[in-house]
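Below is one structure; the comments refer to it alone.
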Amino acid sequence: MLSDLIKEHIVSPRNQGVIPAADGMGEVVGPACGDQVVLYIQMKDGSINRASFTTHGCWAAVAMASWVTEMVMGMAPEQALEIDGEALAREQAGLPEDKWPCARLVSLALHRAVRDWQRRKGGQAG
Ligand code: FES
Numbered sequence: 001m002l003s004d005l006i007k008e009h010i011v012s013p014r015n016q017g018v019i020p021a022a023d024g025m026g027e028v029v030g031p032a033c034g035d036q037v038v039l040y041i042q043m044k045d046g047s048i049n050r051a052s053f054t055t056h057g058c059w060a061a062v063a064m065a066s067w068v069t070e071m072v073m074g075m076a077p078e079q080a081l082e083i084d085g086e087a088l089a090r091e092q093a094g095l096p097e098d099k100w101p102c103a104r105l106v107s108l109a110l111h112r113a114v115r116d117w118q119r120r121k122g123g124q125a126g
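Residues 1 to 126 in this note's numbering are what the sequence shown spells out, letter by letter.
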């Protein structure tokens, strides 16, 4: 059964759109459905200050991306790398099993955005 929290994100998704000068960007295309999920992060003082997403995916991808982008704001990047979209979908959001892969796309895009930022940062330092 869908949780009240995820229902809220289905009805009014947050953080949709591109962050033009994002510090990190992660893109994923679902191997089964072909839908794209892109996550953007902006960093401040070593933490995620802002996050947003764009997707052509289904309602579950939109709702999970909305929730996850809200969840990561203020979070350390290492913590964001531990977010498991499928576990959230299963244990907290109450998404039906056929939507767990959509949630997995969201956390994968987030992880790629964080790694993109780490790579860019590493480039600056080097
Ligand atoms: Fe493609 Fe949900 S079916 S993201």
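Quick reminder that beta carbons are idealized off the backbone N, C-alpha and C, glycines included.
These numbers were taken from a predicted model, which means no experiment stands behind them.
The beta carbons of glutamate 91 and alanine 103 sit no closer together than 8 Å. In the same chain as aspartate 84, and ignoring 5 residues on each side of it, the C-beta atoms closer than 7 Å to its own belong to Ser107, in chain order. According to DSSP, residue pairing for glutamate 8 in a beta bridge does not occur. Around ligand 1, the residues whose beta-carbon falls short of 5 Å from at least one of its heavy atoms are Gly30, Cys33, Asp35, Gly57, Cys58, Ala61, Cys102, given in chain order. The continuous alpha helix (DSSP H) containing glutamine 79 extends over residues 77-80. Beta-bridge pairing by DSSP links glutamate 27 to Val38. Of Ala32, Ala93, Arg120, Asp45, the smallest CA-CA separation from methionine 75 is found for Asp45.
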